[in-house]
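Number of protein chains: 2
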Amino acid sequence: MKNLLVIQSGGPTAVINSSLAGVIKGGFDNGEKVGKIFGGLFGIEGVTEEKIVSLEKFREEGMLDLLRQTPSSYLGSCRKKLPKLEEDREFYERIFEVFKKYDIGYFFCIGGNDSMDTVDKMSRYAELVGSDVRVIGIPKTIDNDLALTDHTPGYGSSAKFVANSMRQLKKDTEVYGMPSVIVLEAMGRNAGWLTAAAALANDESTRAADIVCLPEVDFEMDAFLARVERVSREQETVMIAVSEGIHDKNGTYVMEGVSGVPKENDRFGHAALGGVGQLVRNCISNGLGLKVRSIELSTLQRCWASGASLCDVNEAFEAGYAGVGYGCEGMTGVVPGFRRVSDKPYKIEIIPYDVKQIANVEKKIPTEMIAEDGFGVTDKFLKYAMPLIEGEPQLKYKNGQLQFAPKVW
Amino acid sequence: MKNLLVIQSGGPTAVINSSLAGVIKGGFDNGEKVGKIFGGLFGIEGVTEEKIVSLEKFREEGMLDLLRQTPSSYLGSCRKKLPKLEEDREFYERIFEVFKKYDIGYFFCIGGNDSMDTVDKMSRYAELVGSDVRVIGIPKTIDNDLALTDHTPGYGSSAKFVANSMRQLKKDTEVYGMPSVIVLEAMGRNAGWLTAAAALANDESTRAADIVCLPEVDFEMDAFLARVERVSREQETVMIAVSEGIHDKNGTYVMEGVSGVPKENDRFGHAALGGVGQLVRNCISNGLGLKVRSIELSTLQRCWASGASLCDVNEAFEAGYAGVGYGCEGMTGVVPGFRRVSDKPYKIEIIPYDVKQIANVEKKIPTEMIAEDGFGVTDKFLKYAMPLIEGEPQLKYKNGQLQFAPKVW
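Just so you know, the sequences run in chain order A and B. Number 414 marks the last residue of the first sequence (the working numbering); no jumps. Number 414 marks the last residue of the second sequence (the working numbering); no jumps.
Structure, rendered in structure tokens:
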């Protein structure tokens, strides 16, 4: 009988705590193999500082339900890139010392691309030193850019927020019966999955996304403006979604290339973006003389649990739960991922993937899901993404406000 | 037996169509006095152009339910300021000609401050020429700045979006355990009701609004920065809500005074604001060296029907419904408003107010609802506003997307 430790890592999502709830429930349900359930605060950095808390309070009635609907990382997070094994062995020794102290036999890291690198390195270190700690990654990212898995928990809820924003903004935009343009800026540096979700807003009665600009397609301002102009001649409102990461054919982000703003970097070395919607807005306004409003969804798109996708909430939970099962079966260095069995009815199965094949790989939108002219998506994308935003969870509100799980430490 | 004509005017809200549904239902239910139900497209301007459509299709099962949950102005809107009676009598003659042609006996305008001016002028014209057309205003505004009525339909849902945004952003902001500041910019030029709603996000377990800057209080950047600095010394995250309309003691909008951007005006002569959040963000970042993110809710805050307040949706409907009752009783130049009977349990009654006392009057937050230091609200405000965001409507979704009433013309 060994104890379980779970951390959360990278950027938050609306359902990362549903995966946490799945891990905790998995621990409770595997009582013959799993002893106490611990959480590590602020990711792997918190583990080195022994910021370990008991999660036993989640045995209380209703607590896991509240956790499932609490947005963002309940345990806190960090963005630490782990050192290479050969460069800083002490770092790993320190972590495994903490594991020993708390008698940890199962370690779970809920995170995205960079966090899977953490899982990869730690499982390799465990193998190297002959430790029997099971190291398992639980996938999450609003970007949907993890390799192998059909899609990633976190994506569906953010995609739903983007799509429903487009739909409701469309209604807002058309009221005066005057020509106007909306530019909605969505997150996603290199993979345009979230921006593409804007196209889900279209249905028989509402055309809420006219132009979608993905980072998978080289952006040319002239071609873009020509397209906007063409659409604006055909209809009163033009609804545009742009990815924060659109770039020209040399790979220069539109934001960097045009504005000359100093290039800030986040701690992983990714260029810090944002504001491209405003820039595109100005180009349309100056170039075409149209009335344009730009809207940046900003961090709301990753924390809007009050509009989460039920499919996403449930799958996030199941992924966490399945991960504990893998650990109990003795697996390590694996990640529960989704294999799609059918589109209609939508059906997936959860299977273990090798973390080595996921860490540090970015999955972009494949060509067959992108419209030939580069300004939209194909039916193949819609068929793929639509089930992921399906369903509305029953949420607990009090005084009109979404309720969160209380801190248990 | 006379026909009914309804228009929508001014800026859209999440529940203005619920009021429209109330008017339509009121018309259906008063079949002994009301004949056909017509809608005028694009406000009063559309009436002069005879853009009149039949709304009889709303007799079909489920149609009014869809209308209740459709954000923004279903019939379209305009921002026309009506000429004075003595200046352009022809304008009014034209409208009453259209009324005659469609045998209109009941005219409803769903709108805010400026729209109540329309109702006032039209009812005075009707009196002047001895017309028996009943002219009735149905209140709506996210700004909550209408006089006499306890509050205004539209406010509760926008307030709920602001409060729930603050709450979820708070969760997002605290994940890294590092000092950071959020500046959320809310709408409301002269009245800070919507910005004040950020304070509703606070409860026993979550402190989601630390500083609230209202246009009712003269803004001084130095005092503000000192306050931010003080809070940032006491806690890791600082959550700030600012109104787009904050101004210095001379009445100069912070946005105008500091940035020197050219002063655009909308068609009512209000200065076009926006972007003050970004400006405040820069001042905090440069002045205090803190990590700050600014978020502008923009038009999402007035069209987010997928997170509407049930109280607001219902009251908006009831106001529309009551208005038709007033018309059938022979009243004109009136507006159904809310009189609060008790806070706990929350209870209101709907009574007719004289539109003359509402038109062109702006109700600001009274002093007793504003914290003495000017950076927050009092319990009196919380007690007032909390019931207004209460309850979550059962909404119809399809494929993960909020469904809208289809166009019937």
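Cβ coordinates follow ideal geometry from the N, Cα and C atoms, glycine included. If you're wondering where the values come from, they're calculated on a predicted model, not measured in any experiment.
B:Leu393 and B:Ser299 have their C-alpha atoms roughly 27 Å apart. Taking the CA atoms as reference points, B:Thr75 sits about 29 Å from A:Arg235.
By a beta-carbon distance limit of 8 Å, B:Ser237 does not contact B:Ala191. Their separation comes to about 21 Å. Residue pairing of B:Ser163 in beta bridges, as defined by DSSP: absent, with no partner found.
At a cut-off of 7 Å, the C-beta of A:Cys333 has no neighbouring C-beta in chain B.
For A:Val329, the enclosing alpha helix (DSSP H) covers residues Leu315 to Cys333. Assigned with DSSP and collapsed to three states, B:Asp359 falls in strand. A:Ser59 is bridged by DSSP to A:Phe43. Setting aside the 5 residues that flank it on each side, A:Met374 is surrounded in the same chain by Ala201, Val382, Thr383, Lys385, Phe386 and Tyr389, each with a C-beta closer than 8 Å to its C-beta; the list follows chain order. Contact annotation: B:Thr123 and B:Ile49 have beta-carbon atoms nearer than 7 Å. The Cβ atoms of A:Gly328 and A:Phe113 lie closer than 7 Å to each other. If the five residues before and after A:Thr146 are omitted, its C-beta is found closer than 6 Å to the C-beta atoms of Gly117, Thr157 and Gly159, all from its own chain and listed in chain order.
If only complete runs of 3 or more residues are kept, the region 335 to 408 of chain B shows the beta strand (DSSP E) at 339 to 347 and 352 to 359, in order along the chain. Excluding the 5 residues flanking it on each side, B:Val360 has same chain C-beta neighbours closer than 7 Å at Met121, Val124, Asp125, Ser128, Gly142, Gly338, Val339 and Val340, in chain order. For B:Arg64, the number of other beta carbons within 10 angstroms of its own is below 16, and it is reported as exposed. Taking 7 Å as the cut-off between beta carbons, the residues of the region 44 to 65 of chain B near chain A are Phe47, in sequence order.
Judged by DSSP secondary structure, A:Lys7 falls within the beta strand (DSSP E) whose first and last residues are Lys7 to Gln13. 7 Å or more divides the Cβ of B:Cys308 from the Cβ of A:Gln406.
Within the DSSP bridge table, the entry for B:Tyr258 names B:His252 as partners.
Using a C-beta cut-off of 8 Å, the region 304 to 321 of chain B makes contact with the region 17 to 24 of chain B, since at least three inter-stretch Cβ pairs fall below that distance. In terms of Cα proximity to A:Gly379, the closest of A:Met226, A:Cys218 and A:Leu284 is A:Cys218. Residue burial is scored here from C-beta neighbours: A:Leu302 has at least 16 other C-beta atoms within 10 angstroms and is therefore classed as buried.
Taking 9 Å as the Cβ-Cβ cut-off, the region 304 to 334 of chain A approaches chain B at Thr304, Leu305, Arg307, Cys308, Trp309, Ala310, Ser311, Gly312, Ser314, Leu315 and Cys316, given in chain order. A direct Cα-to-Cα measurement between A:Phe96 and A:Glu54 gives close to 11 Å.
Collapsing the DSSP output to three states places B:Phe112 in a strand. Among the CB atoms of chain B, none fall inside 7 Å of the CB of A:Asp384. About 5 Å separates the beta carbons of B:Asp215 and B:Val243, which is inside the 8 Å limit, making them a contact pair. Measuring C-alpha to C-alpha distances from A:Ala196 to each of A:Ala376, A:Pro371 and A:Ser347 identifies A:Pro371 as the nearest. Note on A:Lys412: under 16 other CB atoms within 10 angstroms of its CB, so exposed under the neighbour-count rule. A:Asp177 is positioned such that its CB atom lies closer than 7 Å to that of B:Ser77. Only Ser82, Cys83 and Arg84 from the region 82 to 108 of chain A bring a Cβ to less than 8 Å from some Cβ of chain B.
Buried is the label assigned to A:Met171, since at least 16 other Cβ atoms lie within 10 Å of its Cβ.
The beta carbons of A:Tyr111 and A:Arg139 sit closer together than 7 Å. Nearest C-alpha to A:Thr154 among A:Ser59, A:Asn404, A:Met183 and A:Lys369: A:Lys369.
Taken through DSSP and simplified to helix, strand or coil, A:Leu189 comes out as strand. Of the candidates A:Ile245, A:Glu241 and A:Phe229, A:Phe229 places its Cα closest to the Cα of A:Asp253.
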